[in-house]
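Report on one structure; see the data block that follows.
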Amino acid sequence: MQSTNTGRAEHLLTVNGEQRRVSLRPADTLLSTLRDELGLTGAKPGCENGDCGACTVLVDGVPMKSCLLLTTEFVDQDPPRSVETVEGLDGADVQRQFLQHWAFQCGYCTSGFLMLVEGLRRQQPEANRDERVDWLRSNICRCTSYAELIHAVEAVLGHERGAPRSS
Amino acid sequence: MHAVGQSVARKEAPNKVTGRARYNGDATPVGTLTAVIVPSRHAHARLRQVDVAPARRMPGVVAVLTGQDADLLCGEVLEDRPPLARGTVRYHGEPVALVIAHGEAEARAAARRVAIDCAPLPLVASVEAAVAPDAPLIHPELGAYKRAQPPVVPKPRTNIADHAKIRRGDPAEGWAASDVTVSGHYTVPQVDHAAMETRSARVEILHDGRVIVQSTTQAPFEVQKLLAQSFHLQQGQVIVDVPLVGGAFGGKAAVQLEVLAYLASRAVNGRPVQLVNSREEDMATSPVGMGLVADVKLGATRDGLLQVAELTFLLDTGAYTDSTPRVARAICSECTGPYRVENVRCDAYTVYTNHTYATAFRGFGHFPLTFAIERTMDRLAATLGMDPVELRRKNLIGPGDRTPTRMMLTRSTLGDPRTCLDRAAALLAGPPVQPTGPHTVRARGLALFWKTSSSPPNAISGALVSFNQDGSVNLSTGTVEVGAGTKTTSAQILAEQLGIDVDQVHIHTHINTKVDPEHWKTVASMSTFMAGRAVMEAAEDAKAQLKSVAAIALKCAPGDLSVGQGRVFLTADPNVSVTVSDVAHGYSYPGGDAVGGQIIGRGSYIMRHLTLLDEETGEGHPGPSFTVGAQGVEIDLDTRTWQYRVVRALTVVDAGRAINPAGARAMLQGGMCMGIGLATREGVLYDRDGQRLNNQLRTYKVMRAGEQPDAYVVELVETPQIDAPFGARALGEHGLLAMPAAVAAAVSHAIGRPVDHLPITPESLWQLSRSAEAAR
Ligand code: FES
Ligand code: FES
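The structure is reproduced here in C-alpha cells:
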C-alpha cells in the first residue's frame, strides 16, 4: 500500500479475474470504486442503502450489494478475494435467458438481477420455486412484471418444463 | 421481410445484458463538480435566514447558492415554483440551497452546515383542509403568477390553482329521468414513480455560449425551451443530450434538476456541474404523482341506463402545480369512463397542499379516475341488483356517441370496448366470491378503462433517415428510450416501409436536441403514433429520392419504379433494377461521373384537429384516438388476517395493431404489476408535521418478486386506428389503469363491503371491518 498526499492510498483489487490498482478513501464503497475508479458502470446505484439490489455483484461467487460493502475489505487480500461484475459475464447462459424472456425493459436493474441469478445458479442450482423467489426478492424491478424474470431464472436453472438449459 | 408484427428484440438489448448500456450517471467526465441540494426540514415555513457562510468555508466547496441567487419562477402550466425556495418553503424536502463542491462527499458534508432559520406557518395537510373556508394560503401571490400554458384558471386568495370543468347536457333533466342514484367518496394517495434510476442532470456552460445539458429527462426539447426562455438564450445554444433512461413513468417529464444544475454551473463560471438525486431526494424533493379525492354521483333508470354523472375531483398537486392542470383536463375529458352519459357535470380542482409537488404519473390521472368511476359503477350495479358486467355492457360508449368533451367517436378513434369487455368477462368467469376454506375466499373483480392522449394540439415529432453507401440506413427521431422500446418500434416501422431488414436500420439510442429532430415529449404513450407517422413520411420521402436517382440509371420515369428487398426496380419488370446501394450515395456512370447524392429522407408530424378544451364547457378534442380495455383479477383473501394476494390478473385491450407483440405484452404486464402495487401497497405518507415518512424503497413499498400474480393473461383485440402507423394504438401506460379498480372490486366482493380508498392493505381492511362493527 502506497500513501498519497490526498488522504487516498493505492491498493490492489481483483475484479473479473484481473488485478486492478485502485486509489481509495477508507469510506469508499465497492460500488463507487467499481464505477468511479474502474469505469465498471454495469453495477448501478438505485438507493445506496441496500434496498434495491441494482448494485449487486458477486464476491467470491456470492451475490452482494456493493453499495453496502467497503472496498477496503476486499483489497490487498491473500489469497485475493474475487469480485465479479456484469462486465465479467461473457456469453453466459443467464444473459441469453434474460434476452430470450424479455426480462428487462429500461435495463437499469438488469446488471444486478443478472449477477443475482448467476449467483443463484452457482450457489443453489437445485433451488425450488420458493427459494428462487426468495433470492429474487432482494432486488427490485419497476418495469417488468417479474414473471419474465422468473421465467428466465427457471430456464437458467434448467427447470423449465423439462427443457433444461434451453437457449 | 416483414418487420411490423414481429417480436424483435430491443435494439439496445445486448448492451443491457452486458453492463454496456450507458445511462446518465455512467460517464461523468473528470473535473465535473458536484452539486447537492439542501432540503427544507419544514413543510410550511417562512424563511428568516439561510446562513451559508459556514458551508462556504468547508474544504472542497466552490459555491453555495440560495433563492437569492435565482430570481425566477418555473412551472409547465403556471409559473409558481422558485427553483430554490424564496421567502417561504412549501414542502418538506423543497430545495433551499445548493452546495457546489469538488466531490459528493465534500458537498454533502458542507450541505449539513447550511443553517436554515425559519418560522413555521400553519400546515395544509390535505386537499380537504386546503379548500376549507379559513384555510391558510400556500400561495398568497397566486393571482400574479404567469400562465405559461393556458388553459389554467387559478382562483386567487384560495388554494385552488386551477378549476377545469365539463358542462354537458342538463344534469337536472338527468336526475329527473333517474330512478336510482348512487354516490361514492374515494381517496387515492400521492404515489411515487420510483424509477430505478434516480433523476440527474449535468450542465456545462461553454464560453462560446453553448449550454450542454445531460439529463435523465423524458422531455429534452422541453428542457431546451425552458432553459432558453428562463435564461434569455437562443434555443439552439442549449444542447440537451439524453442517453438511455432507467425508467421514467412520467416523473422525468418534469423539468427540475436541469434548472438547478444550470444555476450551479453559471455560479462557477460555466464549469460542468452534476446533480444526482439520492433515492431520498428523488422521492421527497423531486415531484411525485398526484393524489386525488373524488365524489362521484350517478343516476340511472331502473333498467340500468345511465342518465347523469356529477363528479368532483380534488387533485393533490402538493406545493406546486407543474403539469397537474393538464392532468385535471385529461380527467375531465374521460370523466364518465367508457360509458354513454348525456348529462355530465364535472369539476376538477388542482389544489395546493404542503405535500411534495406532483407531476405526471403513468396514465396521466387515469388510474385514480378509473378507480373512482368504476367503484361507482359497481355501487350502481349492487343498488340495481344487476350483474356489474351487464350494467357496463348496457352503457358502453360506442361509435356515434359523444365523449364528455363532445368529441364524436368512430370505430377508428374509439376501438372496440365491447369485445374487450366480453372477452375479459369470459376469461374471468366464476362467482364474484366463493369460499375456498374455513377462513379463505376467492373473489373476482373487473373494471374498464379508456384513455386518450390529452397532448397539446400542436405537439410535433420528426424523423430523419440517411442512407449509408451499402444501403443500410440511419434513423434519427426525438424520442427518449425510457424502456418502452420506442426506438425499436420506429426501426420496425422504417424497415417495413423500406422493405429492408430491421438489422439494416441503425438508430441513435440516445438523443441530442442539436441533431435529432424534435419530438414533443416521450410521454402519453404517443411515441409509436407520432414518431411512427414521422418515420413513415421520412421513408416515403427517401423512397421518392431513391426512385428519382434510379430513374436516371434505369432510363425511365420515377413513377415506373418500386423500392423493396434492397433494390429499386421497374414495377412492370422487376428484373430491370439497381440495388439501393447503387443509388444511395449517388449513381456513378461507367466513366466515373456521378449524379444524385446521399439520400436523406425527412418526415414531420403535427397533431391534427386537436383543440384546447373550452374553459366553461370543456368542449374540445383532446386526443387523436382512444385506447380501451378491460381488466380483471382473482384474489385469495384470508378473512381472519385480511391478508390477500392477487393470484391472477388479466387485460384485454384494443391495441389497434401490435407492431411488436412481445414488446406490447411485456409493457402491458409490467403496467399490470405496477397497478397491483398501486392497489395493494403504494402511497406517499406524511406525518403530522408534513414530514415525508416513506422516502426510501424500504418504506415506500413497491412490488417485489413473488408478490406478482401466478398468472398474467393478456389478450389483444385489434381494431385499427386508421391514421396510426399500421393501425397501432397507444399502449405504454394502459396496463395499470384499471388494476386498482379491479382489485378493489374483488376485495369488496370478498369482504362484502365497498372498499373505496387506496392502497388496500390488510390493515385498512381491518379498520374498515372495525368501523362497520362499531356502526352495528
Ligand atoms: S444501490 Fe445497492 S441496494 Fe440499491
Ligand atoms: S427493467 Fe427497468 S427497473 Fe427493471
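Chains A and B, in that order, are what the protein sequence lines are.
Quick note: the first sequence uses this note's numbering, first residue 1, plus one each step.
Quick note: the second sequence uses this note's numbering, first residue 1001, plus one each step.
Note that beta-carbon positions come from the ideal geometry of N, C-alpha and C, so glycine has one too.
Note that this is a predicted model, so its numbers are computed, not measured.
By alpha-carbon positions, which one of the options ends up nearest to residue i?
i: Gly1087 (chain B); options: B:His1102, B:Pro1457, B:Ala1176, B:Pro1120; result: B:Pro1120
i: Gly1246 (chain B); options: B:Val1268, B:Pro1083, B:Thr1066, B:Arg1022; result: B:Arg1022
i: Ala1261 (chain B); options: B:Gly1174, B:Val1240, B:Arg1393; result: B:Val1240
i: Asn1695 (chain B); options: B:Leu1765, B:Pro1151, B:Ser1278; result: B:Ser1278
i: Pro1754 (chain B); options: B:Arg1379, B:Leu1263, B:Lys1155, B:Ser1323; result: B:Arg1379
i: Val83 (chain A); options: A:Glu18, A:Val133, A:Glu10; result: A:Glu18
i: Cys52 (chain A); options: B:Ala1705, B:Gly1471, B:Asp1560; result: B:Ala1705
i: Ser138 (chain A); options: A:Arg96, A:Val57, A:Glu154, A:Asp76; result: A:Val57
i: Thr1486 (chain B); options: B:His1749, B:Gln1218, B:Thr1627; result: B:Gln1218
i: Arg1423 (chain B); options: B:Ser1455, B:Arg1393, B:Ser1581; result: B:Arg1393
i: Gly1601 (chain B); options: B:Ala1534, B:Ser1588, B:Thr1376; result: B:Ala1534
i: Asn1343 (chain B); options: B:Asp1316, B:Glu1310, B:His1366; result: B:Glu1310
i: Ala1013 (chain B); options: A:Trp135, A:Ala155, A:Trp102, A:Pro125; result: A:Trp102
i: Arg1168 (chain B); options: B:Ala1228, B:Ile1037, B:Met1407, B:Val1030; result: B:Met1407
i: Lys65 (chain A); options: A:Cys47, A:Cys106, A:Gln77; result: A:Cys47
i: Met1739 (chain B); options: B:Ala1772, B:Leu1065, B:His1366; result: B:His1366
i: Ala1176 (chain B); options: B:Val1308, B:Asp1636, B:Glu1763; result: B:Val1308
Can you give the beta carbon distance from residue i to residue j, rounded, assuming they're within the 8 Å contact cut?
i: Glu1733 (chain B); j: Arg1402 (chain B); result: Actually they do not touch by this definition, with Cβ atoms about 24 Å apart.
i: Ala1035 (chain B); j: Val1273 (chain B); result: 5 Å
i: Thr1350 (chain B); j: Thr1370 (chain B); result: About 19 Å; that fails the 8 Å criterion.
i: Thr14 (chain A); j: Pro80 (chain A); result: 4 Å
i: His1749 (chain B); j: Tyr1186 (chain B); result: Actually they are not in contact, since the Cβ atoms of His1749 (chain B) and Tyr1186 (chain B) sit about 17 Å apart, beyond 8 Å.
How is residue i classed by DSSP in three states: helix, strand or coil?
i: Asn1660 (chain B); result: coil
i: Glu10 (chain A); result: strand
i: Leu1403 (chain B); result: Note that residue 1403 (chain B) corresponds to Thr in the displayed sequence, not to Leu. Reduced to three states, the DSSP call for Thr1403 (chain B) is coil.
i: Asn1575 (chain B); result: coil
i: Arg1056 (chain B); result: helix
i: Ile140 (chain A); result: coil
i: Asp1387 (chain B); result: coil
i: Leu1065 (chain B); result: strand
i: Ala1177 (chain B); result: coil
i: Phe1569 (chain B); result: strand
i: Arg165 (chain A); result: Low local confidence applies: a pLDDT of 43 at Arg165 (chain A) is under 50, so the model's placement there is unreliable, with the coordinate-based value given in what follows. Coil at Arg165 (chain A), not helix or strand.
i: Gln1049 (chain B); result: strand
i: Trp1520 (chain B); result: coil
i: Ser1562 (chain B); result: strand
i: Trp1766 (chain B); result: helix
i: Trp1450 (chain B); result: strand
i: Tyr1605 (chain B); result: strand
i: Lys1225 (chain B); result: helix
i: His1757 (chain B); result: strand
i: Glu1634 (chain B); result: strand
i: Gln1504 (chain B); result: helix
i: Arg1379 (chain B); result: helix
i: Leu1427 (chain B); result: helix
i: Lys1016 (chain B); result: helix
i: Leu1206 (chain B); result: coil
At a Cβ threshold of 8 Å, is residue i touching chain C?
i: Leu136 (chain A); result: Absence of chain C from the displayed structure is noted, the protein chains being A and B.
- Item | Lining residues of ligand 1 - beta-carbon closer than 6 Å to any non-hydrogen atom, in sequence order | A:Pro45, A:Gly46, A:Cys47, A:Glu48, A:Gly50, A:Asp51, A:Cys52, A:Gly53, A:Ala54, A:Cys55, A:Lys65, A:Cys67
- Message: Can you confirm whether the stretch 1638–1652 of chain B touches the stretch 108–123 of chain A when touching is taken to mean that 3 or more C-beta pairs between the two stretches lie within less than 8 Å?
- Response: no
- Task: Check whether the stretch 1606–1613 of chain B touches the stretch 1408–1427 of chain B, counting contact only when three or more Cβ pairs, one atom from each stretch, lie closer than 8 Å.
- Result: no
- Message: Would you call the stretch 1375–1390 of chain B in contact with the stretch 1095–1108 of chain B, where contact means no fewer than 3 C-beta pairs closer than 8 Å?
- Response: no
- Using 8 Å as the Cβ pair cut-off and three pairs as the minimum, do the stretch 1288–1302 of chain B and the stretch 1040–1060 of chain B touch? no
- Report yes or no: do three or more beta-carbon pairs, one from the stretch 1649–1659 of chain B and one from the stretch 1710–1724 of chain B, lie closer than 8 Å? yes
- Say whether the stretch 1005–1012 of chain B touches the stretch 1248–1266 of chain B, bearing in mind that this needs 3 or more beta-carbon pairs closer than 8 Å, one atom from each stretch. no
- Touch check for the stretch 1661–1680 of chain B and the stretch 1466–1481 of chain B: three-plus C-beta pairs under 8 Å? no
- Query: Counting Cβ pairs closer than 8 Å, one from the stretch 130–146 of chain A and one from the stretch 1194–1202 of chain B, do we hit at least three?
  - Reply: yes
- Message: Assess contact between the stretch 1592–1599 of chain B and the stretch 1428–1440 of chain B, defined as three or more Cβ pairs (one per stretch) separated by less than 8 Å. Is contact present?
- Response: no
- Message: Using 8 Å as the cut-off, can you tell me whether the stretch 1500–1512 of chain B makes contact with the stretch 1536–1554 of chain B, which would need three or more C-beta pairs spanning the two stretches below that distance?
- Response: no
- Are the stretch 1062–1081 of chain B and the stretch 1309–1329 of chain B touching by the rule of at least three beta carbon pairs closer than 8 Å? yes
- Task: Count the C-beta pairs between the stretch 1202–1219 of chain B and the stretch 1684–1699 of chain B that are closer than 8 Å, then say yes if the count reaches three, no if not.
- Result: no
- Message: Can you confirm whether the stretch 90–102 of chain A touches the stretch 142–155 of chain A when touching is taken to mean that 3 or more C-beta pairs between the two stretches lie within less than 8 Å?
- Response: yes
- Query: Quick check: the stretch 1449–1463 of chain B against the stretch 1766–1775 of chain B, are there 3 or more CB pairs under 8 Å?
  - Reply: no
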